[in-house]
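Residue numbers (my numbering), protein chains in the order written: chain A, 131 to 244; chain B, 427 to 541.
Note that CB positions come from ideal geometry on N, CA and C, so glycine has one too.
Here is the structure we will look at, set down as C-alpha cells.
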Amino acid sequence: DAGVTQSPTHLIKTRGQQVTLRCSPKSGHDTVSWYQQALGQGPQFIFQYYEEEERQRGNFPDRFSGHQFPNYSSELNVNALLLGDSALYLCASSRSDREQYGYTFGSGTRLTVV
Amino acid sequence: LAKTTQPISMDSYEGQEVNITCSHNNIATNDYITWYQQFPSQGPRFIIQGYKTKVTNEVASLFIPADRKSSTLSLPRVSLSDTAVYYCLVDPDLGWMDSSYKLIFGSGTRLLVRP
C-alpha cells in the first residue's frame with residue numbers, strides 16, 4: 131500500500147519564478163494538506179483540500195495556491211518566488227471520515243530559491 | 427487549538443529510557459494528545475495518541491495525568507536510530523464531523539542519542 135508520494139524530491143528555482151509541487155495521497159485518503167517547514171522549525175500549515183476545494187487556509191499569502199483533482203491528488207503552486215520560500219514542503223493526506231487516525235506525511239519536496 | 431510547550435533538546439545514550447514531557451495547559455475536553463517523530467528530510471511520522479491515563483504500543487508509551495495539562499512520551503531503551511525531532515500536538519477529535527482540522531506543530535524536541 132503506497133503511502134503519500136511527492137514530486138519532485140528536490141527543486142532549485144530563481145527568485146521571481148513560479149513552481150508547482152505535486153502530491154499523491156495514500157490509498158483510501160481523500161483529504162490533502164500542505165505544510166511548509168523551514169530549516170530548524172516545525173511544519174507550518176498552508177492549506178487543506180477536500181472535495182476539490184480549499185477548506186482551510188493558514189497564514190500564507192495568495193502567492194500560494196493549490197488544486198485538488200478528482201483522483202484526490204493535489205498540486206501546490208507558488209508564484210513570484212522569494213528567497214524566504216526556500217523550505218521543505220510537505221504533503222499530508224487523511225480520511226475525512228476519521229475511521230482511521232489522522233495524517234500520513236510524504237517525504238517532502240526540498241525547494242531552494244536562489 | 428491548544429499551544430504545547432516541550433523542551434528544545436534532549437541528550438541520551440543508547441539503551442536508556444527517554445521521557446519527553448509536553449505541557450498543554452489549555453487543552454480542551456475533546457482534544458487528543460498526539461506525538462510525531464521526524465527524521466531529517468522526511469515527513470513527520472505518527473508515533474502514538476492518547477486521551478487520558480496510559481497508552482502503549484510497540485514503539486512508545488504515553489502517560490497522561492488526570493488533569494491532562496501535560497503528557498509524557500516514553501521511549502524504552504533508545505537506539506541511535508531514535509535520534510530525531512519529536513513533536514507533541516493536541517488534535518481535536520471531531521468524531522462524526524468532517525475532519526476539517528489542521529495540525530499545529532511547535533518547534534519540537536530534538537533528541538540526540540549517543541553511543
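Should A/Leu220 be flagged as near chain B, meaning a C-beta pair shorter than 7 Å? yes
At the 7 Å Cβ level, is B/Lys429 part of the contact set with chain A, yes or no? no
Between the alpha carbons of B/Ile453 and B/Val485, how many angstroms are there, rounded? For B/Ile453 and B/Val485, the gap between their C-alpha atoms comes out near 25 Å.
May I have the straight-line CA-CA distance separating A/Gln147 from A/Ser216, to the nearest angstrom? Approximately 13 Å between the Cα atoms of the pair.
Presumed contact (8 Å Cβ cut-off) between B/Glu440 and B/Val511, rounded CB distance: Contact flag wrong, Cβ pair sits at about 19 Å.
Interface flag, B/Gln463 vs chain A, CB-CB below 7 Å: Not a single C-beta of chain A is nearer than 7 Å to the C-beta of B/Gln463.
Would you kindly work out how many angstroms separate the C-alpha atoms of A/Phe194 and B/Ser487, rounded to a whole number? 38 Å
Which of the three DSSP states, helix, strand or coil, is assigned to A/Asp192? coil
Beta-carbon proximity check, B/Tyr462 vs B/Pro470, cutoff 7 Å: yes
Just the Cα atoms here: how many angstroms apart are B/Phe465 and A/Ser137? 19 Å
Rounded Cβ spacing between A/Thr286 and A/Ser154 (contact assumed at less than 8 Å): Past the edges of chain A, shown from 131 to 244, lies residue 286 of chain A, and the structure says nothing about it.
State the Cα-Cα distance for the pair B/Asp493 and B/Thr479, rounded to the nearest angstrom. The alpha-carbon atoms of B/Asp493 and B/Thr479 are separated by roughly 10 Å.
A/Tyr219 to B/Cys514 span [Cα, whole Å]: 20 Å
Under 8 Å (Cβ pairs) to chain B, residues found in the segment 174-207 of chain A: Gln174, Phe175, Gln178, Tyr180, Arg185, Gln186 and Gly188
Taking contact to mean at least 3 C-beta pairs separated by less than 8 Å, is the segment 528-541 of chain B in contact with the segment 164-181 of chain A? With a cut-off of 8 Å, the segment 164-181 of chain A and the segment 528-541 of chain B count as touching, because enough Cβ pairs lie within range.
Which term fits B/Val539, buried or exposed, when burial requires 16 or more other beta carbons within 10 angstroms of its beta carbon? buried
Boundaries (first-last residue) of the beta strand (DSSP E) holding A/His140: Counted as a single uninterrupted DSSP element, the beta strand (DSSP E) harbouring A/His140 occupies residues His140 to Lys143.
For the beta strand (DSSP E) containing B/Ala510, name the first residue and the last one. It spans Ala510 to Pro518 - the beta strand (DSSP E) in which B/Ala510 sits, taken as one unbroken run.
Check whether chain A comes within 7 Å of B/Lys528, counting only Cβ atoms and requiring the distance to be less than that. yes
With a threshold of 6 Å on Cβ separation, who are the neighbours of A/Ser163 within its own chain once the five nearest residues in sequence on each side are excluded? Around A/Ser163, the same chain offers Gln178 and Ala222 as residues with beta carbons nearer than 6 Å, after the five sequence neighbours per side are excluded.
Is the Cβ-Cβ distance between A/Val243 and A/Arg145 less than 7 Å? yes
Quick one: what's A/Ala217 bridged to in DSSP? DSSP lists A/Leu241 as partners of A/Ala217.
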